[in-house]
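Notes for the one structure printed next.
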Amino acid sequence: MRRLLTPWNLLGLAVFLTGGLFYWKAQGGRTPMALPLPAEEVHAQSLVLVLYRPNPPQGFLKETQTLSLGPGESPGAAALKAWSQAVEAPRPLALFFQGQRLVVDLPRDFALGLDATLEAYRLYSLAYTLLATFPQAAEVRFLVEGRPSPGLAHLDLNQPIRLP
Amino acid sequence: MRPARPAPHRDGPGRALAGGLGLRRPWLLWLLSLALAQAPKPLQVGALQGEALYPGGSGVSYGEARLVAQGLGLSLWQGEGAVALGLGSRQRTFPIVKEEARAAQTGAAWQRGDKVYVPLRPLAEALGLEYRAEVGVRLTLPWARLLQVERAPDRLRLRFSREVNAVVQAGGVLFPLAQGEEPGFQREALGLLLPLPRPPDRLYYPGGGQVILEWGPLPRPGPLVLLDPGHGGSDPGIALGDLKEKDLTLDLAKRVAARLPGSRLTRTGDETLPLEARLRQAQAASVLISFHATRGAAVNLYLPKARSTPLAQNAERLLLTAPQAQAALLKVYAGSPHRLAEALEKAFSALGIVVAKAEGPYALTDIPGAAVVLEVGTERLKDPKAREELAQAVAQAVQAYLEAP
Numbered sequence: 016m017r018r019l020l021t022p023w024n025l026l027g028l029a030v031f032l033t034g035g036l037f038y039w040k041a042q043g044g045r046t047p048m049a050l051p052l053p054a055e056e057v058h059a060q061s062l063v064l065v066l067y068r069p070n071p072p073q074g075f076l077k078e079t080q081t082l083s084l085g086p087g088e089s090p091g092a093a094a095l096k097a098w099s100q101a102v103e104a105p106r107p108l109a110l111f112f113q114g115q116r117l118v119v120d121l122p123r124d125f126a127l128g129l130d131a132t133l134e135a136y137r138l139y140s141l142a143y144t145l146l147a148t149f150p151q152a153a154e155v156r157f158l159v160e161g162r163p164s165p166g167l168a169h170l171d172l173n174q175p176i177r178l179p
Numbered sequence: 025m026r027p028a029r030p031a032p033h034r035d036g037p038g039r040a041l042a043g044g045l046g047l048r049r050p051w052l053l054w055l056l057s058l059a060l061a062q063a064p065k066p067l068q069v070g071a072l073q074g075e076a077l078y079p080g081g082s083g084v085s086y087g088e089a090r091l092v093a094q095g096l097g098l099s100l101w102q103g104e105g106a107v108a109l110g111l112g113s114r115q116r117t118f119p120i121v122k123e124e125a126r127a128a129q130t131g132a133a134w135q136r137g138d139k140v141y142v143p144l145r146p147l148a149e150a151l152g153l154e155y156r157a158e159v160g161v162r163l164t165l166p167w168a169r170l171l172q173v174e175r176a177p178d179r180l181r182l183r184f185s186r187e188v189n190a191v192v193q194a195g196g197v198l199f200p201l202a203q204g205e206e207p208g209f210q211r212e213a214l215g216l217l218l219p220l221p222r223p224p225d226r227l228y229y230p231g232g233g234q235v236i237l238e239w240g241p242l243p244r245p246g247p248l249v250l251l252d253p254g255h256g257g258s259d260p261g262i263a264l265g266d267l268k269e270k271d272l273t274l275d276l277a278k279r280v281a282a283r284l285p286g287s288r289l290t291r292t293g294d295e296t297l298p299l300e301a302r303l304r305q306a307q308a309a310s311v312l313i314s315f316h317a318t319r320g321a322a323v324n325l326y327l328p329k330a331r332s333t334p335l336a337q338n339a340e341r342l343l344l345t346a347p348q349a350q351a352a353l354l355k356v357y358a359g360s361p362h363r364l365a366e367a368l369e370k371a372f373s374a375l376g377i378v379v380a381k382a383e384g385p386y387a388l389t390d391i392p393g394a395a396v397v398l399e400v401g402t403e404r405l406k407d408p409k410a411r412e413e414l415a416q417a418v419a420q421a422v423q424a425y426l427e428a429p
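Which chain is which? The protein sequence lines are S and C, in order.
All residue numbers for the first sequence refer to this note's numbering, where the first residue is 16 and numbers rise by one.
All residue numbers for the second sequence refer to this note's numbering, where the first residue is 25 and numbers rise by one.
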């Protein structure tokens with residue numbers, strides 16, 4: 016019968032035990048858990064909306080509203096909804112975050128029945144509200160029904176809007 | 025005893041060269057053939073003879089630009105750093121390079137002493153010449169046939185079977201390497217001569233083998249006044265009882281158009297016209313007024329705050345300094361919304377109306393022409409007589425703007 020306790024057998028046993036120890040340490044204490052929610056769902060349970068309410072001809076009235084976000088509700092959609100209700104304007108279709116740029120998709124009737132001054136108040140109220148509510152953004156660009164557009168009726172929408 | 029040596033070949037020097045260099049040193053023969061291929065070759069350009077060179081040994085044949093132009097009746101222009109040859113509306117420009125290898129690599133013209141050489145094959149492809157490389161290089165141009173002559177007062181349009189050049193000379197215009205049987209033309213050794221008592225004031229090539237000769241002053245382009253009635257169709261704008269903004273603006277714009285011959289409307293009926301379509305029309309306008317309405321009796325003028333095109337950015341400054349004739353021409357293509365607004369303010373003040381002005385990113389105003397948005401209160405627009413007065417004031421202001429020095 017050949018010897019069991021040869022140096023090579025002992026080395027193999029040591030490698031096996033070391034590997035086993037690592038495996039045990041790596042697995043130890045881990046229990047099954049649910050997938051984490053997206054970061055914005057975990058942290059943004061509420062949203063502070065900085066509303067620029069049109070107050071022609073003086074300018075805007077700045078107000079803050081704290082919005083509680085429902086399950087699955089994104090801060091952008093909540094901001095658009097709250098702004099639309101506060102200023103009694105058609106609700107924008109969508110809000111996209113592109114780095115430091117916000118892109119808002121407007122319905123074609125967004126400024127229907129307004130003159131140039133009131134159209135400017137409505138558009139700038141929305142842009143300033145979003146820029147103040149989401150300070151990581153530097154500018155707002157507008158789409159009309161999903162496409163770049165030169166404007167609605169009176170204002171040129173080719174250029175982005177920034178906070179003054 | 026020594027063995028007998030084989031007798032040497034006696035088949036002549038050619039055979040000896042092939043046996044001595046070709047068979048024993050094939051690479052030497054290859055180098056020799058390569059060197060011979062890059063050696064200057066005879067160049068025939070039309071009836072002229074010259075030399076085709078191969079700068080940098082790259083296998084690209086070059087010919088002297090002046091010789092090529094003379095031999096085929098091409099136009100030749102040489103400036104600082106570039107040379108161009110042309111045939112009718114076709115033209116090919118080459119940058120001039122002194123290093124022969126770089127010239128051949130980049131397809132540029134090559135300056136050798138005081139002569140400029142151009143690559144022949146690219147030139148032939150650009151101008152439609154026939155290029156043949158055999159023992160030498162041959163550039164030819166088939167004779168063109170005169171197909172049609174259209175005569176109009178102070179204007180002559182000629183159509184040939186290919187592009188031709190026209191050379192104005194004493195007593196007429198010569199079309200080199202062209203022939204035809206039309207009355208009034210003379211066949212000459214160099215081409216077709218059109219005898220003329222007076223040389224043309226303008227000669228140009230619109231393409232398709234055509235040559236146009238014109239006499240008299242150049243027709244001056246006229247300014248385009250574009251009147252844009254805001255809203256329309258499914259977009260009524262603001263409403264005041266039965267009065268809708270889209271109808272009031274259309275009526276006002278039509279009244280202004282009636283006073284400005286040659287002016288155009290972006291819409292002539294109750295139709296939905298997106299801003300994109302209005303902007304497309306506005307790009308060609310010398311003057312654009314977009315009519316809108318607001319509540320009350322105010323009259324507002326909205327001007328662009330910033331203009332994006334270089335022409336528009338420089339127009340204000342150029343109009344300040346340009347002489348009247350140049351300023352009038354400039355106003356066809358670019359304008360000053362501020363000057364237009366001043367003219368409108370002045371015309372409205374004669375009616376006792378104070379105009380409020382604002383600058384900002386207003387739609388349709390960022391164009392090279394002078395563009396403003398004119399918003400008039402519905403209190404002033406609801407009365408047809410008042411609309412008539414307003415239209416008169418707007419028309420006067422546009423005329424004053426266009427005629428001002």
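All C-beta atoms, glycine included, are put in the ideal place defined by N, C-alpha and C.
As the structure is a prediction and not an experimental result, all values here were calculated from the model.
Three-state secondary structure assigned by DSSP to residue i
i, result
"residue 45 (chain C)", "In this predicted model, residue 45 (chain C) has a pLDDT of only 45, less than 50, meaning its place in the structure is not dependable; the value taken from the coordinates is given anyway. Correct three-state label for residue 45 (chain C): helix."
"residue 101 (chain C)", "strand"
"residue 154 (chain S)", "strand"
"residue 205 (chain C)", "coil"
"residue 361 (chain C)", "helix"
"residue 84 (chain S)", "coil"
"residue 31 (chain S)", "helix"
"residue 330 (chain C)", "coil"
"residue 192 (chain C)", "strand"
"residue 22 (chain C)", "Absent from the model: residue 22 (chain C). The displayed extent of chain C is 25 to 429, so no value can be given."
"residue 143 (chain S)", "helix"
"residue 222 (chain C)", "coil"
"residue 70 (chain S)", "strand"
"residue 145 (chain C)", "helix"
Residue-level contact to chain C via CB, residue i, 8 Å cutoff
i, result
"residue 174 (chain S)", "yes"
"residue 92 (chain S)", "no"
"residue 165 (chain S)", "yes"
"residue 108 (chain S)", "no"
"residue 158 (chain S)", "no"
"residue 10 (chain S)", "Any answer about residue 10 (chain S) is impossible in this case: the structure gives chain S only from 16 up to 179."
"residue 131 (chain S)", "yes"
"residue 171 (chain S)", "yes"
"residue 168 (chain S)", "yes"
"residue 128 (chain S)", "yes"
Range of the contiguous alpha helix (DSSP H) that encloses residue i
i, result
"residue 420 (chain C)", "408–427"
"residue 276 (chain C)", "269–283"
is_contact[residue i, chain S] using C-beta, thresh 8 Å
i, result
"residue 414 (chain C)", "no"
"residue 300 (chain C)", "yes"
"residue 303 (chain C)", "yes"
"residue 411 (chain C)", "no"
"residue 403 (chain C)", "no"
"residue 377 (chain C)", "no"
"residue 385 (chain C)", "yes"
"residue 189 (chain C)", "no"
Residues of its chain near residue i, where Cβ-Cβ distance is below 6 Å and the 5 sequence neighbours each way are ignored
i, result
"residue 158 (chain S)", "120"
"residue 421 (chain C)", "367, 368, 371"
"residue 353 (chain C)", "none"
"residue 97 (chain C)", "189, 200, 201"
Sequence-distant residues of the same chain with beta carbon closer than 7 Å to residue i, five excluded per side
i, result
"residue 163 (chain S)", "none"
"residue 331 (chain C)", "337, 390"
"residue 168 (chain S)", "126, 134"
"residue 279 (chain C)", "411, 412, 415"
"residue 106 (chain S)", "95, 96, 99"
"residue 377 (chain C)", "323"
"residue 333 (chain C)", "392"
Span of the beta strand (DSSP E), counted from its first residue to its last, around residue i
i, result
"residue 314 (chain C)", "311–318"
"residue 134 (chain C)", "133–136"
"residue 94 (chain C)", "Run containing residue 94 (chain C): none in the beta strand (DSSP E); it sits in the alpha helix (DSSP H), 89–96."
"residue 238 (chain C)", "234–238"
"residue 384 (chain C)", "379–384"
Close Cβ partners of residue i (< 8 Å) along its chain, the five nearest in sequence each way excluded
i, result
"residue 383 (chain C)", "326, 327, 328, 329"
Chain B contact residues for residue i, given Cβ-Cβ distances below 8 Å
i, result
"residue 262 (chain C)", "Chain labels in this structure do not include chain B; the protein chains are S and C."
- Message: Three Cβ pairs or more, each shorter than 8 Å: is that satisfied between the stretch 232–240 of chain C and the stretch 184–197 of chain C?
- Response: Segments in contact, yes.
- Spell out a yes or no on whether the stretch 261–275 of chain C and the stretch 203–211 of chain C are touching, meaning 3 or more CB-CB pairs, one atom from each, closer than 8 Å. Contact fails: fewer than three Cβ-Cβ distances are below 8 Å.
- Query: Does the stretch 117–125 of chain C come close enough to the stretch 133–140 of chain C to have 3 or more Cβ pairs within less than 8 Å?
  - Reply: Touching, per the Cβ criterion.
- Between the stretch 244–251 of chain C and the stretch 278–295 of chain C, do at least 3 Cβ pairs fall closer than 8 Å? Counting Cβ pairs under 8 Å, three or more are found: they touch.
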